[in-house]
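Asker: Submitted below is the structure of interest, expressed as structure tokens.
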Amino acid sequence: MKPAPFEYHAPESTKEAVDLLAELGDGAKLIAGGQSLVPVLALRLAVFDHLIDIRRIRVLRGIEERGDSVWIGAATTEAEIGRSALATRRVPLLSRATPLIGHFQIRNRGTIGGSLAHADAAAEYPAVALALDATVEALSPRGQREIPAAEFFTGIWTTELEPDELLTGVSFPVAAGRRGFAIEEFARRSGDFAVAGAAVAVGLDPGGRVSASGIGLFGLGPTALRAAAAETAVAGIAVSDIDPAEVGRAAVADLDAVPSDLHGSASYRKKVGAAMVARAWEQAVKEAVSG
0 MKPAPFEYHA
10 PESTKEAVDL
20 LAELGDGAKL
30 IAGGQSLVPV
40 LALRLAVFDH
50 LIDIRRIRVL
60 RGIEERGDSV
70 WIGAATTEAE
80 IGRSALATRR
90 VPLLSRATPL
100 IGHFQIRNRG
110 TIGGSLAHAD
120 AAAEYPAVAL
130 ALDATVEALS
140 PRGQREIPAA
150 EFFTGIWTTE
160 LEPDELLTGV
170 SFPVAAGRRG
180 FAIEEFARRS
190 GDFAVAGAAV
200 AVGLDPGGRV
210 SASGIGLFGL
220 GPTALRAAAA
230 ETAVAGIAVS
240 DIDPAEVGRA
250 AVADLDAVPS
260 DLHGSASYRK
270 KVGAAMVARA
280 WEQAVKEAVS
290 G
């Protein structure tokens, strides 16, 4: 099939893009890499009268260190993030998640802003954003605002973004001290969406106790989730006294909307999810201890 007819717009500034969103209303849709949107349009699962292409807006691309955070422009491609020495050094969890996204052709076009705004439950970047307490930046005719990742993902393919808002970038805080990061996922084939996965960040105090942790889950709910109960359970505990398998079980214990489909039942996904959390936790702790 082919997409329904639409009018194409290519603004060269964020103001122009936001003005178009406000003017065209619900009939307009933003597009950057198009790796999620184009298949949906081709199958006519969605129809829009206008597509607003933001690839020409230069200020939406780039990776910069800003104080204690690393800022990444919304139109920065996944491939650019994967090649970035700054991202690898300062936001290693994001860097390690990147090779797991589809295939290299997809990463050459797909963008971080598109991944976050699309909010696919099985996508890696939303879970990483949750685990790292990222902040999403959005621009509208009313001005710019910041949305914590914990409040950004609201449901199936839905976010806190208003219809006239443009996602302009995302900031990842960079914490000092003994830190460890890992991401694990299970997929039927390389490049497939994950059946279940986990992104884990761990911080240790000088005594080897857990001073901070973030556990982002994907493939285990209507959107990316944070395993807050498991994080609370390990706070202040010496890592030598923590069983990774128990962390995994705690992370999925209270999930009540786990998908059940051709790729696996809800109970199967929970078992896989617990195993992914346990593996990622173990690897992140090893890195934190050795650091």
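Residue 219 in numbering that gives the first Met the number 0 sits at position 220 of the sequence shown, and the numbers go up by one each step. Every residue gets a Cβ at the ideal spot worked out from N, C-alpha and C, and that includes glycine.
For V254, does the three-state DSSP call read helix, strand or coil?
Answerer: The identity of residue 254 in the sequence shown is Leu, whereas the question assumes Val. Of the three classes helix, strand and coil, the one that applies to L254 here is coil, per DSSP.
Asker: Could you tell me if A310 is buried or exposed, where buried requires 16 or more neighbouring beta carbons within 10 angstroms of its beta carbon?
Answerer: Absent from the structure is residue 310, since the part of the chain shown begins at 0 and ends at 290.
Asker: Is D67 helix, strand or coil by DSSP?
Answerer: Correct three-state label for D67: coil.
Asker: Is it the case that the segment 168-184 contacts the segment 227-234, given that we only count it when at least three CB pairs across the two stretches are under 8 Å?
Answerer: Judged by pairs of C-beta atoms under 8 Å, the segment 227-234 does not touch the segment 168-184, as fewer than three such pairs exist.
Asker: At what residues does the beta strand (DSSP E) containing D132 begin and finish?
Answerer: From DSSP, D132 is part of no beta strand (DSSP E); its letter is neither H nor E.
Asker: How is the beta strand (DSSP E) around S170 delimited, first residue to last?
Answerer: L165 to P172 is the extent of the beta strand (DSSP E) around S170.
Asker: So the alpha helix (DSSP H) E150 belongs to, where does it begin and stop?
Answerer: A148 to F151
Asker: Pull up the DSSP beta-bridge partners for E6, would you.
Answerer: H49
Asker: Bridge partners of K28, per DSSP?
Answerer: L50
Asker: Assess contact between the segment 8-21 and the segment 135-154, defined as three or more Cβ pairs (one per stretch) separated by less than 8 Å. Is contact present?
Answerer: yes
Asker: Mind checking whether G168 and E123 have CB atoms under 7 Å apart?
Answerer: No, these two residues do not count as a Cβ contact at 7 Å.
Asker: If you reduce the DSSP assignment to three classes, tell me which class D191 lands in.
Answerer: In the three-state reduction of the DSSP assignment, D191 falls in the coil class, being assigned neither a helical nor a strand state.
Asker: State buried or exposed for V58, treating a residue as buried only when at least 16 other CB atoms are found within 10 Å of its CB.
Answerer: Burial call: exposed.
Asker: Curious, which full-length beta strand (DSSP E) runs of at least 3 residues does the segment 207-267 contain?
Answerer: 209-217
Asker: At a cut of 8 Å, does the segment 276-289 reach the segment 236-248 through at least three beta carbon pairs?
Answerer: yes
Asker: So which of R144, P172 and S170 has the shortest CA-CA distance to E159?
Answerer: R144
Asker: Report back the beta-carbon spacing between G213 and L131 to the nearest angstrom; my notes put them in contact at under 8 Å.
Answerer: 6 Å
Asker: Need the endpoints of the beta strand (DSSP E) that I182 sits in, please.
Answerer: R177 to F185
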